[in-house]
Structure formats: C-alpha cells, structure tokens
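Novice: Protein sequence lines correspond, in order, to chains A and B.
Per this note's numbering, residue 143 is the first one in the first sequence, and the count goes up by one each step.
Per this note's numbering, residue 143 is the first one in the second sequence, and the count goes up by one each step.
Cβ coordinates follow ideal geometry from the N, Cα and C atoms, glycine included.
Sending over a structure as structure tokens; questions will come in a sec.
Number of protein chains: 2
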Amino acid sequence: MQTVELLDKREQVMRLFTANGNSDSSEIHEYLFTLARKICEASHVSSDIKLKQLVGKFDGSKLPEEPVEINTYLDYLAENVAAHSTHTSSPRFIGHMTSALPFFVQPLSQFITALNQNTVKTETAKACTPLERQTLAFMHRLVYDLPDEFYRRHTQAADSTLGIMVSGGTIGNITALWCARNVSLSSRNGFPGVEAAGLTAALKDYGYEGAVVIGSSLMHYSLEKTADLLGIGTCGLVRVATDKHNRMDVDALRRTVAECRARRLLIIAIIGIAGTTDVGSIDPLAEIAKLAQEEGIHFHVDAAWGGPLLFSRRYKHLLSGIEQADSVTIDGHKQLYLPLGVGILVFRNPFLAQAIQKQARYIVRATSIDLGKRALEGSRPANALLLHAALHLVGPQGYEFLIDEGIRKTRYFAGLLRTDPAFELLGEPEINILNYRYVPAPLRERVSTGNLSEDDLNFLDQFNEALQKTQRQAGRTFVSRTRVETPRYGAQRPLVALRAVLANPMTTKADLHAVLADQVDIARQIGFAVGQGKSAGR
Amino acid sequence: MQTVELLDKREQVMRLFTANGNSDSSEIHEYLFTLARKICEASHVSSDIKLKQLVGKFDGSKLPEEPVEINTYLDYLAENVAAHSTHTSSPRFIGHMTSALPFFVQPLSQFITALNQNTVKTETAKACTPLERQTLAFMHRLVYDLPDEFYRRHTQAADSTLGIMVSGGTIGNITALWCARNVSLSSRNGFPGVEAAGLTAALKDYGYEGAVVIGSSLMHYSLEKTADLLGIGTCGLVRVATDKHNRMDVDALRRTVAECRARRLLIIAIIGIAGTTDVGSIDPLAEIAKLAQEEGIHFHVDAAWGGPLLFSRRYKHLLSGIEQADSVTIDGHKQLYLPLGVGILVFRNPFLAQAIQKQARYIVRATSIDLGKRALEGSRPANALLLHAALHLVGPQGYEFLIDEGIRKTRYFAGLLRTDPAFELLGEPEINILNYRYVPAPLRERVSTGNLSEDDLNFLDQFNEALQKTQRQAGRTFVSRTRVETPRYGAQRPLVALRAVLANPMTTKADLHAVLADQVDIARQIGFAVGQGKSAGR
Chain A
143 MQTVELLDKR EQVMRLFTAN GNSDSSEIHE YLFTLARKIC EASHVSSDIK
193 LKQLVGKFDG SKLPEEPVEI NTYLDYLAEN VAAHSTHTSS PRFIGHMTSA
243 LPFFVQPLSQ FITALNQNTV KTETAKACTP LERQTLAFMH RLVYDLPDEF
293 YRRHTQAADS TLGIMVSGGT IGNITALWCA RNVSLSSRNG FPGVEAAGLT
343 AALKDYGYEG AVVIGSSLMH YSLEKTADLL GIGTCGLVRV ATDKHNRMDV
393 DALRRTVAEC RARRLLIIAI IGIAGTTDVG SIDPLAEIAK LAQEEGIHFH
443 VDAAWGGPLL FSRRYKHLLS GIEQADSVTI DGHKQLYLPL GVGILVFRNP
493 FLAQAIQKQA RYIVRATSID LGKRALEGSR PANALLLHAA LHLVGPQGYE
543 FLIDEGIRKT RYFAGLLRTD PAFELLGEPE INILNYRYVP APLRERVSTG
593 NLSEDDLNFL DQFNEALQKT QRQAGRTFVS RTRVETPRYG AQRPLVALRA
643 VLANPMTTKA DLHAVLADQV DIARQIGFAV GQGKSAGR
Chain B
143 MQTVELLDKR EQVMRLFTAN GNSDSSEIHE YLFTLARKIC EASHVSSDIK
193 LKQLVGKFDG SKLPEEPVEI NTYLDYLAEN VAAHSTHTSS PRFIGHMTSA
243 LPFFVQPLSQ FITALNQNTV KTETAKACTP LERQTLAFMH RLVYDLPDEF
293 YRRHTQAADS TLGIMVSGGT IGNITALWCA RNVSLSSRNG FPGVEAAGLT
343 AALKDYGYEG AVVIGSSLMH YSLEKTADLL GIGTCGLVRV ATDKHNRMDV
393 DALRRTVAEC RARRLLIIAI IGIAGTTDVG SIDPLAEIAK LAQEEGIHFH
443 VDAAWGGPLL FSRRYKHLLS GIEQADSVTI DGHKQLYLPL GVGILVFRNP
493 FLAQAIQKQA RYIVRATSID LGKRALEGSR PANALLLHAA LHLVGPQGYE
543 FLIDEGIRKT RYFAGLLRTD PAFELLGEPE INILNYRYVP APLRERVSTG
593 NLSEDDLNFL DQFNEALQKT QRQAGRTFVS RTRVETPRYG AQRPLVALRA
643 VLANPMTTKA DLHAVLADQV DIARQIGFAV GQGKSAGR
C-alpha cells in the first residue's frame, strides 16, 4: 500500500520534470500564451474589484495537502491573478515607469529560464559570463565612450569590472556607494580599511567625525536605504535644495561641501540625478562633476530613469557631464523596455569594484572571470541576455526613436493641460514625466490669477487625491499621484499632483485625450463628496 | 528624406512592440522553444570549447549602428550562446546547486514577463501583491507553523511583514541582519537609533565598543558581504570552530558570546546554517536557538540550501530548532526547483521588518500594503508566482519526494566511493552534498592506512584540481571543487575535494557510475602531466 502511494508520488513529480516538449507542455504553453496576449490587448488598465475583496481571495495560508492538477491551477491563475493584474502595458496606464515591451522579451524570458544559467560563476554560465561582460561594455561605451584600446584591455579581463548587472536600480545605487565608501576609507599604513575594520574604526583612523552622502532633495528613496545599510544613517544623507526647475542648486551644493569639510565629515559621494522619479528633472551633471573632481569626491549618477536619453542625438546634451561620473546606475526595466529585474551599474574606473571583492573556496576564485566576485548579489539569472538582445534588436536608433517619441508626446500633453482651464500644469516637464492637477470650476479664476488661499490649496489637494483614487479604482485609465514643490507655491507648500509618465510607444494622442476626459468625468462624479470633506477610494 | 528615414525607424520599432501574437512572434517562439528543448535534452554538460576561445566571441564592445534582423540574432544566439551554455539541468552535472526544473516554470516565466507586474507597489501589481503575501504566509507556516489566528491577523495586514521575496539568498541574509542591527540599536530616550544616526553614534549611545555577527567557519560568503556593507567590517564576522561533523561547536559559541560580552561588543546576530554550501552540514539549530534566547540575541538561520528539508517527514528533524529562529533565508532556485532569482526571507516576528521601513511620496505610503515599503530591493518582478505555482503543483508531497530522493542517491554514491579504492570519501554526507577525491594507484595503500606525508597531500591536491579542471573542460560530466577540513587530516590541513550536489531527480544510478568512470578515465590521461608538476586546464 505504502509502495503504491510512493510510486504515485514519484510518478506525479517525475511527470513535472519530464513533460517538457510533450503534449501536456504544449497545451500549458498555449494556455498561458493566449492568456498573456488577452491581457496585453485588454482595453482597461485594471479590473474594478475593490482591493479589500481581492485580498480576500489570497488570505489562506495553508497549502493543499495533495498537489493540484495543472489545469485547475491554470484556471485559478486566469480567474484570480490574470483577471485582476494591472495592465501595465496599456497605452492608458501612463502613471508609472512601466510600458508595453517589445514582444521578443517574452519568448526570451522563457529561454533564459530553460537555460537556467547561474551567472555567479563561469562553471554554471559558460557563454553567459563573457556575454554579460560584453553587454556591460556596450553600456559602458554608451556612458563613457572611451577609446577602443580601453575596451580591448578591460571588457573580458579578470581584474576589471566595467559594470555589474543588478536586479534593479536600488541595488545599483547601494553597490556604487558601497564601492565609494570602501575606496575612500581603504587600507593604509597598517590600517586594514573599512571593509575589514568597520566604519567606526575607519572614520577614527582617517580622522573624520562622521560620513555623509550628498544629493538633491529629489533623491530616490533607495539612497535612504543605502545610507541606513552602509552605517552612516539616514541623517548622513544630506539633501541640497533644488532650483525652480527641480535641479540641484550647485551653489548650495558647494556650501554644503564646505560645511561638511569644516565639520570634518567624510563625503563618500555626491549624487547627481538624471531623471528624478517625481518630475523627471535632470541635475546639472557637468557642474556637479567639476565640483566633485575639484574636491576629489566620488560622483555617482542615478540615471535609472534618464540614462537611455544618451541614445537620443536630440536630448543627450541634457545628460552632459555623465561621462565624468565615477559610477552610473541605469535601469533596463525602465527606458530600455525590458522586463523587471534588469539593472545596470557602470564604473569609469574598471578597478573601483575591487574594493568590494569577496571570494569563496568553491567558486569565484581570485583569478577567474567569475561575475560573482565583485557584486552585492550572489546567484543571478542570465538577464543580461535580455539587454544584449534589445541592444541588437531595438538598437541605438530604436531607442533614440522611443526617447524622442516620449518627450514629443509629453510636450503635446503639456500643451493640452496648458490650454484647458480644468487643469493646471505644475511645472514645465523637462523630459517625459509631467505633473498637473485638476481644478474644479469654482477655483479656476483664482488659479489663473494665482490667488489661492490655504483652504483652497487644501481643497485642491483633497480633491486630486480623491480623483486619483477613484480613477485607479474605476480602472479605465491611470495616472499616479505624488507631492511636488512648485516655483509658484513655494518649497514650503508641496502640492498633491497627478503624475504622468509618457514612455509607452503605444500611447496615442487619442489615449491622452481619453485620460483627461476620464478625469473630467470622475471629477464631476466626486465633486460633491469631496465638498463634504469625504474622500473616495480606500 | 529625413522623414522617410524617421518613418522607417518608427516602423521598425513599432513592429517590435506590436508583433505579439502575429506570425513573426509565433515563429520566434517556436525557434526558442525548440532550441531550449534541444539544450535540455543534450547529453553533454557543456561544449569543450576553451574558455579563452569562447571569450574571443564576446570581445567586441561596439553596438551595431543598424538594428539586427531578428532571425539573424536568433541564429547568433543558437551558435554562440546556446551551444556554449552550461547544461545545468543535465543529470550528470552534479557539481553545483542547479538542477533540472519542472517544465511549468518555462511558460510561467514568459507569463510573468508578459504580465510585467512591478511588485514594489499595489498600483502596478494589483493581484500579485496579495498573492506574494499569501506565498510568504505559506513559507512562514512551513518554518514556524503558528496558529491559524496568527496568519489571519498578519498575512495581508499593512503593518505586518511575514517575509520578503528577494532576488536570492545573499539579499535575504543581508536584509535579515540589517533588520537585526536596526532593532538592536533602535531609537530610545531621545536617541534616534542606528537607522537615522548611523553606526558610530549608535554604538556610542548604547555603550558598545563595536559590533559583531557570529557564525561557524562554514558561513556563506554572503555574510562577509553583509558585515562589510553594514559597517561592522569583515573583522566583525566572528567564525566559531566546527566539530568533526562540520557543525558549529556550541561550547565554542558560548565562549565566543561570553568573550564578546566581556569586550562590550554588541552581538547583532548568531547565524545557524541549515545546509552549508561546502559540505551540506546542518548546525545544531535547537541548541543555538536556546543560547540565543537566553542571551537575547537575534538568531538567523541561513537555510538557503537546506530549508526545503522541512517538507520531508523523514529528515525535517535535522532542522529542529529552526522554528525558534528570528529570521530564515531559503532559496527558491535551489531545492524548491525554481529558476534563478527567487529568494525568500521569513521573520518570526511580523513587525521586525518595520526597522528598515522606508517611504516615498509617489508610492509605498505608510498605510498601504505595498511590498516595497520594507525591502532592500525596489522594483521587482512577480516571481512569487513561480513559488506559488510550485507549492501547488509540486506541493509538499512532491518536495518531500525530491528531498528524500536526493539523500537516498547521495548515500548510494557514498557507498560507491567507500568501496572503490580509487576514491576517498572525505567525511560522511549529512544530506545531499558530498566531498571526495580521486586517489592515484601508488597512494592507495597509504590512504587506507592513513599514512600520507605532506608531499603526498600536496600531490593529491594538485591531482584533484587538475582532474576537476580537465573534467570540466571535456564537458561530459561535472562535479565542482572546494577545499574541506576533515577529521582525519585536521582543521589545519584543508584538502582539495571534488564536490557533488545530488538534487536533480533526473540523475540515475547509471549517471553516478558514469561520472566516476569519466573521472577514472581522466585520471589515467592526466597522471603523467601532474607527476611532472604541471596542471591541466586554465
């Protein structure tokens, strides 16, 4: 009896491991392929199920004792997961940094899973190790464009690290500042350096009272994680004011640097942002680079969003100075139109990452080209293949088109908002992120004359929050929501803003009109409730 | 003229974004699907191309100016990448922690890419947010098995964090110790805590002279990264000796704890290992847990490899005590048979991760159930879906079978090695990782009598290194290589070992015999060269 059970169990499991290529497998393939296509082609941006009700579908915590039949599970997926997933590739989902993706990333993802290469070491990623190094050289060239000789020397050399593939921009930023911290407090005169001795001993040996990272007030929250993790504390993340275009004020930066020096604080790095998450603004990278060089400070550019502007002959000047950065983060899953999980960090100095090198006895030995030797992460998938493919199939020209298109559409959208009294454009967009708000009729006059009371401002905040929540719940169109400082209302009074990110090449002018029409409808519908001080949505 | 060019470029790119579902797309699908199947069914473990020659295929660093035709690129992929990738799913590739995978992960990976949910926030992952929380509850139950009431309260609650999905075990370990550090130096009496004030100020406020993490000498190298990152330095990673079974010596641990206390060092955490990477040994978790509790120290278990033993009624007792850990890391891409990129961290205390909480203005607001609020990473794919599916389709029973099978085969393999004088088993395997070495004929007598000189030991080290390199290069079978300490030769003389990891359900007894036969052949072939002091391979 027990043997039969055991055999059944064995057969059941072995079928899952051997079914590849048989009819079972093709069927599931077809099912999921069709389901995915249906989702990608759907016209809504999400179902209108209430979050509370949806959560109720996932509140169980006990696993089924018996394995579930695969068809049963697929139906479950379709009904509960697919039906209520966010349609992030919808042309009317213009609120976050997701977009439609080129279709080849779908079969390629499956291929990467089938190959199951672990890029931590060459022994489990024979071809994908040099391929990843080559991909990083492509990205390094995009940013730094150094002579051929440089790339011949470093692209595949065991002692060089042109860059690191990471799971996302957050890990990119953390890794960059980890390198910067370790280099600025490295071993000397018998002191073993911060890597070995820790931060307290290192600051003491170097005669510092503390350590900081400096950036603008619009730094991504990953920098807070970084400051916390690296032991300098979030108080060590110094935020310099921005100018009226949301760019770092370099005079303020210069004063901050001088103050830190006077207080004997180590400045681990200065951060420049190429495309702030809130508003898309780009810091004056060349000026910051100059200052950083004069002061001998590591200059890191967070170009998670804006990096791919380098492909655009028309807009690459906005990133001028990035080629002087010591390290640059770019996200593949943002404006390189790749799936989630593809981040890139590149270093100007190919030996910088030696400051974080770690080894193990069974892998990543000192003389190998193993990628895991200098990286925050350990085992990793061969996602570099997605980037490698896209750089060939979309190509520099394709990316140029995508960047130019997004900015063109953003300008069109800004034009719509500027001429429609129902909306107020909150700041001029620099690239393809744009903030605005809805203005109910009774306030339009006062908005146009700049004559809003604090009560009016509060009402507008409440109204726009309710508007965004209702719009999200209805699921026909989507923009996100943030708080922004504007020149008009001052840094002391950030405003609730509707935030549009225009990166999806499938978004048409008609889609932009549809988003605004949807908001006008919703505004009409919720007008009374907010007037009563109530807020819609959850 | 320029317009025509522009139109061409537009058409070319737009075709990539709209081809999904048309014949182009199906063709590529079919091509990659067939290619992947061919790889998965290949009998060798890698091509025998020399690494230097392979690297030469990837030394270019200039992108093509014109986009590449997709069929050209697919042929390139087949010829250069697929042909020379490591066949990690081969039943004779038994040297690393990769295996054949259940077939459904392939179409599911593609589905996840198609859905493109960003699980950092509910707005871009409506259903996948509660689904990920549920998946973490399943894993939490597996480890802690708390009352139903606990899961009803915490699974979907905004203030609770039963666990965090991470890109891999390294991020899991870092995140766990980040939480532990922040909790042990939290805000009090006007002091803002380590998160805000940094490590130096925190240690001073709490009156510590420094901070350490304690684990056995077999800790994974991710803990070195952790100690470095968190600012305590790798010197702050205290390595306690292991006993003859490669398990942490708890008496030595007790002495180390007392010494650290005497030196006024904060002990951030004690690490227990459930399945060391080198030899698969499991620390005495219950004893460590008891000590950690008595001393009020965070107890973290690195169960990246061994965690799924909890599914086995026969072997789960080996992990006894894990249910008292404060945090546990498990890798999905190891013994849960999922693709790379699926790591799991669970916490006993669902409020622990509040110690690392960060927010932003546009997402992850305080009251939301957004997953990005308490995590090291930011934007992330919905890989929880892979784990959710596997927990249903393979199920607890299927995992039990896989675990039991691996251990059964390891014992069989150990038996082969024990009875074959050409091999020496280096330590008894505790689970499914096993170390051994080849012994050339002239040394067999001295090995069996334990009468080896230092010269003999050096020769055996050299010989086995050459053997493993030659075997890897030939590409018919594969085991990895490490250095292990053995009771027989003492902790002072680690030996070069061949390392087998037996987790692939497709590996048969015949495969194990084939691996050994291949090694005997290779040993015969390289015997002379090593005798001359030369080493094969790179």
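#1: Would you say MET143 (chain B) faces chain A, with C-beta separation under 7 Å as the test?
#2: Report yes if the CB atom of PHE253 (chain A) is closer than 7 Å to the CB atom of LEU174 (chain B), and no otherwise.
#3: Can you find a C-beta in chain A that's less than 7 Å from the C-beta of THR384 (chain B)?
#4: Any contact between the region 331 to 350 of chain B and the region 508 to 519 of chain B? By contact I mean 3 or more CB pairs, one from each, below 8 Å.
#5: Span of the alpha helix (DSSP H) holding LEU518 (chain B)?
#6: So with Cβ pairs under 7 Å, would you call GLU465 (chain B) a contact of chain A?
#7: With distances taken from CA atoms, which of B:ASN574, B:ALA642, B:LEU216 and B:GLU519 is nearest THR312 (chain B)?
#8: Hey, GLY422 (chain B) and GLU572 (chain B) are a contact pair by Cβ (cut 8 Å); roughly how many whole angstroms apart?
#9: Would you mind sorting GLU153 (chain B) into buried or exposed? The rule is 16 or more other CB atoms within 10 Å of its CB.
#10: In the DSSP output, what is MET307 (chain A) paired with across the bridge?
#11: What's the call for THR398 (chain B), buried or exposed, on a 16-neighbour Cβ count within 10 Å?
#12: Look at the alpha carbon of LEU451 (chain B) and the alpha carbon of ALA318 (chain B), and state the distance between them as a whole number of angstroms.
#13: For ARG623 (chain A), which three-state DSSP category applies?
#14: Taking DSSP as the reference, what is the three-state secondary structure of ASP473 (chain A)?
#15: Assuming ASP287 (chain B) contacts GLU465 (chain B) under a Cβ cut-off of 8 Å, what Cβ separation, rounded to an integer in Å, is found between them?
#16: Within the chosen definition, does the region 208 to 226 of chain B reach the region 266 to 279 of chain A through at least 3 CB pairs nearer than 8 Å?
#17: Which residues of chain A have a Cβ atom closer than 8 Å to the Cβ of ARG283 (chain B), listed in chain order?
#18: For ALA656 (chain B), verify whether its CB is less than 6 Å away from any heavy atom of the ligand COA.
#19: Would you say ALA299 (chain B) lies against chain A (beta-carbon separation less than 7 Å)?
#20: Using a Cβ-Cβ cut-off of 8 Å (strictly less than) and excluding sequence neighbours within five positions of ARG389 (chain B), which residues of its own chain qualify?
#21: Have a look at THR240 (chain A) and GLN248 (chain A) and give me their C-alpha separation to the nearest angstrom.
#22: Just the Cα atoms here: how many angstroms apart are ARG588 (chain A) and GLY632 (chain A)?
#23: Using CA coordinates, which residue listed in B:LYS651, B:ILE412 and B:SER328 is at the minimum distance from ALA369 (chain B)?
#24: Taking only three categories from DSSP, how would you classify VAL382 (chain B)?
#25: Please report the distance separating the alpha-carbon of GLY442 (chain A) from that of VAL354 (chain B).
#26: Taking all protein chains shown into account, decide if GLY617 (chain B) is buried (16 or more other Cβ within 10 angstroms of its Cβ) or exposed.
#27: Listed in chain order, which residues of the region 641 to 667 of chain A have Cβ atoms closer than 7 Å to some Cβ of chain B?
#28: Pick from B:VAL488, B:GLY352 and B:ASP391: whose alpha carbon is nearest that of ARG406 (chain B)?
#29: Smallest Cα separation from SER309 (chain B): which of A:ASP468, A:ASP150 and A:GLY485?
#30: Would you call the CB atoms of ASN577 (chain A) and ALA645 (chain A) closer than 7 Å?
#31: Go ahead and label ASN600 (chain B) buried or exposed: buried means 16 or more other beta carbons lie within 10 angstroms of its beta carbon, across all protein chains shown.
#32: Select from the region 601 to 617 of chain B all residues with a C-beta closer than 7 Å to any C-beta belonging to chain A, and list them in chain order.
#33: Can you give the Cα-Cα distance for ALA434 (chain A) and ASP393 (chain A), rounded to whole angstroms?
#34: Please list the terminal residues of the continuous alpha helix (DSSP H) segment that includes ASN686 (chain A).
#35: Along the alpha helix (DSSP H) that carries PHE120 (chain A), what are the first and last residues, could you check?
#36: Is ILE212 (chain A) close to chain B? Criterion is C-beta to C-beta, closer than 7 Å.
Specialist: Reading it off the structure:
#1: Residue confidence for MET143 (chain B) is low, a pLDDT of 40 falling below 50, so the modelled location carries little weight and cannot support an answer.
#2: Less than 7 Å separates the beta-carbon of PHE253 (chain A) from that of LEU174 (chain B).
#3: Output row for THR384 (chain B): interface = no.
#4: Touching, no.
#5: Note, LEU518 (chain B): premise wrong, no alpha helix (DSSP H); not H, not E.
#6: It does not: the Cβ of GLU465 (chain B) has no partner Cβ on chain A nearer than 7 Å.
#7: Nearest neighbour of THR312 (chain B) by Cα position, chosen from B:ASN574, B:ALA642, B:LEU216 and B:GLU519, turns out to be B:GLU519.
#8: About 6 Å separates the beta carbons of GLY422 (chain B) and GLU572 (chain B), which is inside the 8 Å limit, making them a contact pair.
#9: By the 10 Å Cβ count, GLU153 (chain B) comes out exposed.
#10: Paired residues: A:ILE486.
#11: Its Cβ being crowded by 16 or more others within 10 Å, THR398 (chain B) is buried.
#12: Cα to Cα, LEU451 (chain B) sits roughly 21 Å from ALA318 (chain B).
#13: Look at ARG623 (chain A) here: in three-state DSSP terms it is strand.
#14: It is a strand residue.
#15: Right, their Cβ atoms sit about 7 Å apart.
#16: Judged by Cβ distances under 8 Å, the region 208 to 226 of chain B makes contact with the region 266 to 279 of chain A, as three or more pairs qualify.
#17: Near ARG283 (chain B) (Cβ distances below 8 Å), the residues of chain A are SER203, LYS204 and LEU205.
#18: Looking at this structure, you won't find the ligand COA or any other ligand, since it has none at all.
#19: For ALA299 (chain B), no CB of chain A lies under 7 Å from its own CB, so it is not counted at the interface with that chain.
#20: Within the same chain, ARG389 (chain B) has close Cβ partners SER358, SER423, ILE424, ASP425 and PRO426.
#21: Going from the Cα of THR240 (chain A) to the Cα of GLN248 (chain A) covers about 15 Å.
#22: Computed Cα separation, rounded: 17 Å.
#23: The alpha carbon of ALA369 (chain B) has as its nearest neighbour, out of B:LYS651, B:ILE412 and B:SER328, the alpha carbon of B:ILE412.
#24: In the structure shown, VAL382 (chain B) sits in a strand (DSSP, three-state: E or B).
#25: At residue 442 (chain A) the sequence reads His, which differs from the Gly that was named. Here the alpha carbon of HIS442 (chain A) sits roughly 30 Å from the alpha carbon of VAL354 (chain B).
#26: Burial check for GLY617 (chain B): the Cβ neighbour count within 10 Å reaches 16 or more, so the residue is buried.
#27: Listed in sequence order: ARG641, PRO647 and MET648.
#28: Considering only alpha carbons, the answer is B:GLY352.
#29: It is A:GLY485.
#30: Here ASN577 (chain A) is not near ALA645 (chain A), since their CB atoms are 7 Å or more apart.
#31: Exposed, since its Cβ has fewer than 16 Cβ neighbours within 10 Å.
#32: Here the close residues are ARG614.
#33: Looking at the two C-alpha atoms, the distance is approximately 13 Å.
#34: Shown here, chain A extends from 143 to 680; a query on residue 686 (chain A) therefore has no answer.
#35: Residue 120 (chain A) is absent from the model: chain A starts at 143 and stops at 680.
#36: Closer than 7 Å: yes.
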